[in-house]
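Scroll down for the structure; my scribbles are underneath it.
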Amino acid sequence: MAESREHTFTGTKGLNTVREWPHERPRYLAVLVHGYGEHIGRYEYVADRLVRHGAAVYGVDHMGHGRSEGDRVLVEDFEDVVTDVHSAEEHARAEHPGAPVVLIGHSMGGMIAARHAQRYGPRLAALVLSGPVIGVWEIVPTLLAYPEPPDTPIDPATLSRDLSVGAAYADDPLVWHGPFRRATLEAFATTLDTITKTGSLGTLPTLWVHGADDELVPLSGTRIGIEAIRGTTLTERIYAGARHEAFNETNKDEVLDDVTSFIDHTLQSIASGRSTGGSRH
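Here is the structure:
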């Protein structure tokens with residue numbers, strides 16, 4: 001696996017930990033955005049593939065997640081999380097001026113990445129959404145119907161057909177295994193609505209990947225969100241039999257091949273735009 005290092009920065013609600021997988025002369029920068037209750041350390045395999053593809057890779061543990069400060073899984077406003085991700089992106093740009101940036105978000109991280117793209121899209125080269133929580137996510141209104149959200153932990157078997165993924169998730173001390181916080185659910189509801197109302201990503205090249213058998217973030221609810229934000233250059237890949245974590249599935253290399261091919265196509269388009277005086281980053 002590619003070597004990594006960590007640093008911290010003062011985020012909107014305290015110290016955030018960023019992991020970097022460096023590349024001396026990157027073709028592009030990849031900013032990874034992790035999902036609910038997990039941490040960026042679960043993306044070692046993805047980062048390794050991207051480094052070998054020519055990227056310098058960065059990812060922040062969100063507030064209340066992983067090694068970052070904050071009450072566990074408490075997010076009162078996801079706009080703050082978007083701002084923290086943007087800070088990590090700006091750090092990456094400062095280390096590699098002029099390199100195009102690809103934002104890659106999974107699950108809750110897909111929601112954060114989509115909102116980030118709505119706020120900062122003109123500076124991005126491309127967006128990749130994996131099983132994103134956008135559109136309709138029934139778990140939010142269901143749990144908000146209770147005065148206190150019940151403790152209904154994620155079934156690790158729903159993550160991947162590779163059951164070792166779920167076993168590692170269950171044993172990971174940096175993963176949150178308790179109930180949702182009500183304030184976090186309310187923040188989800190607000191951000192889902194904001195994303196839908198803000199609408200199209202315009203010309204930003206976007207790749208959507210999703211497992212057809214995703215029980216945690218069902219395809220049908222996400223498709224409503226995709227239709228709300230889709231711009232002029234959306235590519236989708238739906239994988240038969242795959243569960244929630246496409247990047248950890250039994251066909252993860254196929255998924256990551258699709259991601260890197262999409263990035264290659266985008267970088268070629270950027271290079272062509274430069275030759276005619278245009279650029280996205």
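Under UniProt numbering, the first residue of the sequence shown carries the number 1, and numbering increases by one thereafter.
Ideal Cβ positions, reconstructed from N, Cα and C, are used throughout, including at glycine.
Here the structure is a predicted model, which is why all the values come from computation and not from measurement.
Less than 7 Å between C-beta atoms, sequence neighbours within five positions excluded: which residues of the same chain meet that for residue i?
i: residue 284; result: For residue 284 there is no data in the structure shown, the boundaries of the chain being 1 and 281.
i: Ala170; result: Pro156
i: Met108; result: Gly35, Tyr36 and Val133
i: Ala2; result: Trp21, Ala47, Asp48 and Val51
i: Tyr43; result: Leu32, His34 and Gly59
i: Ser269; result: none
Near residue i, which residues of its chain fall below 6 Å by C-beta distance, leaving aside the five closest residues on each side in sequence?
i: Leu219; result: His210
i: Arg19; result: Ser4, Glu6, Ile40 and Gly59
i: Thr83; result: Thr12
i: Gly135; result: Gly221, Thr222, Ile224 and Gly225
i: Thr194; result: none
i: Ala189; result: Val140
Can you tell me which of the options puts its alpha carbon nearest to the alpha carbon of residue i?
i: Trp176; options: Met63, Tyr120, Pro205 and Gly11; result: Met63
i: residue 283; options: Glu24, Pro173 and Arg119; result: The requested residue 283 is not part of the displayed model; the chain covers only 1 to 281.
i: Gly225; options: Leu124, Ser130 and Leu15; result: Ser130
i: Thr206; options: Thr190, Gly105, His65 and Thr196; result: Gly105
i: Glu245; options: Glu89, Gly110 and Leu74; result: Gly110
i: Pro122; options: Val101, Ile139 and Pro147; result: Val101
i: Leu267; options: Arg243, Gly54 and Val165; result: Gly54
Between residue i and the ligand PLP, is the CB less than 6 Å from at least one heavy atom?
i: Val46; result: As for the ligand PLP, it is missing from this structure, which has no ligand bound.
Just to check my reading of the structure: residue i and residue j have Cβ atoms closer than 8 Å, yes? What is that Cβ distance to the nearest angstrom?
i: Phe180; j: Leu143; result: 6 Å
i: Ala56; j: His96; result: 6 Å
i: Arg115; j: Glu249; result: With a Cβ gap of about 25 Å, Arg115 and Glu249 do not count as contacting.
i: Phe9; j: His91; result: 7 Å
i: Asp258; j: Arg237; result: 5 Å
Indicate whether at least one CB of chain C lies closer than 7 Å to the CB of residue i.
i: Ala157; result: No chain C appears in this structure, which consists of one protein chain only.
Which same chain residues, not among the five before or five after residue i, have their C-beta less than 8 Å away from its C-beta?
i: Leu74; result: Met63, Gly64, Arg181, Ala183 and Thr184
Segment contact flag, the segment 188–203 with the segment 229–241, C-beta cutoff 8 Å, min 3 pairs: yes
On the three-pair Cβ rule with 8 Å, is the segment 140–152 touching the segment 203–218? no
Hey, is the segment 246–257 in contact with the segment 43–52, meaning 3+ C-beta pairs nearer than 8 Å? yes
Go through the segment 46–113 residue by residue and report every complete run of the alpha helix (DSSP H) that reaches 4 residues or more, in order. 78–95
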